[in-house]
Each structure stands twice: as C-alpha cells, then as structure tokens.
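S.K.: Residue numbers (the numbering used here): 608 to 805.
Positions of the beta carbon are idealized from the N, C-alpha and C atoms, including for glycine.
Take a look at this one; I'll ask things after.
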C-alpha cells in the first residue's frame with residue numbers, strides 16, 4: 608500500500624465521535640487526505656490515537672506510513688505505541704540530577720533511545736533493578752537537572768506489574784542515582800505482551 612492508502616486505512620479505525628481537545632476529528636483527517644497533506648493527516652491521526660485507545664493495527668499502519676514518508680520520529684513514536692498496546696502504558700514525572708551531582712553531563716534524546724536501569728523496589732525494600740527504555744513527552748531532549756513527563760517501556764513488562772501511581776522509582780546509568788521518577792499512570796496491555804521495542 609502507498610502512504611495515502613495506509614493513512615486512509617488507519618482513518619477507518621477511528622470512531623467518528625472521537626475528538627481531540629481542539630475538536631479535531633477523523634473528518635479533519637479526511638480533508639487533509641483529500642488535499643494530499645499526508646504529514647498533517649499523520650500528525651492528526653497520532654493525536655486521535657492518544658485520545659482514544661485504538662487497535663494495534665492502527666499504530667502498525669501509521670508506523671508503516673511514517674517510514675514510507677521517512678519521518679523517523681513519527682515512525683519511532685508509532686512503534687512505541689505498538690509496544691504500549693501490547694504491554695501497557697507507564698508514565699512518570701522524571702527529575703534528573705544536575706550535571707555537577709551525576710555522571711550525565713549532556714542532554715539525551717527523548718525519542719526512546721536511552722535504556723537506563725530502574726530501581727522499581729522489591730516488596731522487601733531491597734533494590735530491584737530492571738531496564739526500561741524512556742520516551743520523553745513533548746520535548747526532543749532532556750538536559751541534566753531537567754524535569755519531564757516520560758513513558759517507560761520495560762524490557763520485562765511482567766516484572767513491573769506491581770507498580771502503583773504515586774510510587775517513586777530511581778533511574779540509574781551507573782551505580783549512582785541519575786534521576787527520580789514519580790509514577791503518574793499505569794495501564795495494562797490491551798493485547799498479549801511482546802518484547803520491548805528494539
């Protein structure tokens with residue numbers, strides 16, 4: 608399928624009643640598709656997918672369209688959403704330690720590239736370290752000492768099932784604490800789990 612066919616197929620999966628907070632609906636997407644404004648249509652479909660849970664095939668179709676348009680960040684986001692559809696959503700408020708207190712001296716990309724270790728805490732109070740990729744919402748990079756809302760994609764999602772909103776976990780890039788995250792939202796998967804995005 609070409610890009611327009613992929614975007615049309617994804618559009619058909621969005622219920623007509625779904626609207627963003629700016630009142631964007633699937634009808635707006637169709638208007639952009641009629642004028643071959645594919646990138647705008649893709650952006651609007653991503654927004655609609657954030658408002659209302661949509662099936663895995665929706666995100667897979669958008670990822671393929673974004674790849675064909677060579678929109679790397681959009682493709683990465685759609686693959687990330689595929690992972691979340693399969694494994695659940697974990698969102699947190701992350702605060703990094705300042706450069707003079709931590710190993711990290713430079714900003715990092717927010718597009719799911721960083722895969723730090725997280726101490727999610729064992730019930731006994733002992734450290735319980737697990738790897739999870741990190742996606743930063745609404746920011747391309749995070750500076751040392753910065754704060755951002757992040758999404759986590761655990762390498763072993765089943766080990767994170769005991770977490771609760773309000774719980775504090777710590778991020779590690781070495782033995783020291785690189786940042787502290789307060790869990791904001793935890794949703795279970797809508798389809799059977801699979802491995803973390805590569």
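#1: Work out the CA separation of residue 791 and residue 800 for me, nearest whole Å.
#2: Taking the straight line between their C-alpha atoms, what separation do you get for residue 727 and residue 775?
#3: What span of residues does the alpha helix (DSSP H) with residue 612 cover, start to end?
#4: If you run the structure through DSSP and keep just helix, strand and coil, what is residue 700?
#5: Between residue 820 and residue 721, how many whole angstroms is the CB-CB distance? I'm expecting something under 8 Å.
#6: Applying the criterion that 16 or more other CB atoms from any shown protein chain within 10 Å of the CB defines a buried residue, is residue 642 buried or exposed?
#7: Within 10 angstroms of its Cβ, does residue 608 collect 16 or more other Cβ (buried), or is it exposed?
#8: Could you check whether the segment 757-765 touches the segment 735-744, counting it as contact only if at least three pairs of C-beta atoms, one from each stretch, sit closer than 8 Å?
#9: Indicate whether residue 693 and residue 796 have their beta-carbon atoms separated by less than 8 Å.
#10: For a quick check, are the C-beta atoms of residue 742 and residue 719 less than 8 Å apart?
M.R.: Straight from the coordinates:
#1: For residue 800, the pLDDT reaches just 46, beneath the cut-off of 50, and the residue's location in the model is therefore unreliable, although a value from the coordinates is still provided. The straight-line gap from Cα to Cα measures roughly 21 Å.
#2: 8 Å
#3: 610-618
#4: strand
#5: The requested residue 820 is not part of the displayed model; the chain covers only 608 to 805.
#6: exposed
#7: exposed
#8: yes
#9: yes
#10: yes
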